[in-house]
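Just below is one structure, and these are the notes that go with it.
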């Protein structure tokens, strides 16, 4: 089932805050490694969870929703935002352990 990302369109001024919600059905957000990706106009995909300043962008979750709180927005934050589910089920700690031990 495709996730539902809301709101569809966010219009903000520089310095303001915004929040995106990704609602999923058919699985629990807590059972998968979830993250946020964005694509700025004319550019490639960018993993926010790895490469972004976490003081401005904060991800949180509950069993069926993934949230992205964005503070002190800048003009360069203009982009299409996606929530993403990793294809490997489990916890980050388990995945890292397998990576290093196998």
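Residue numbers (full-length UniProt numbering): 1 to 102.
Glycine residues also receive a C-beta, built at the ideal position from the N, C-alpha and C atoms.
On a predicted model such as this, the values are computed, not experimentally measured, just so you know.
Per DSSP, what kind of secondary structure is residue i in: helix, strand or coil?
i: residue 17; result: coil
i: residue 24; result: coil
i: residue 10; result: coil
i: residue 65; result: strand
i: residue 59; result: strand
i: residue 45; result: strand
Are the CB atoms of residue j and residue i within a distance shorter than 9 Å?
i: residue 83; j: residue 10; result: no
Of all the options the options, which has the alpha carbon lying nearest to the alpha carbon of residue i?
i: residue 42; options: 79, 85, 87; result: 79
i: residue 31; options: 55, 57, 16, 62; result: 62
i: residue 47; options: 36, 57, 40, 55; result: 36
i: residue 87; options: 16, 27, 8; result: 27
i: residue 8; options: 73, 22, 75; result: 22
i: residue 81; options: 18, 13, 14; result: 18
i: residue 64; options: 74, 76, 33; result: 33
i: residue 58; options: 20, 75, 39, 74; result: 20
Roughly how far, in whole angstroms, is the beta-carbon of residue i from the beta-carbon of residue j, given that I think they are within contact range, below 8 Å?
i: residue 56; j: residue 71; result: 5 Å
i: residue 16; j: residue 66; result: With 8 Å as the limit, residue 16 and residue 66 do not qualify as a contact, their Cβ atoms being about 21 Å apart.
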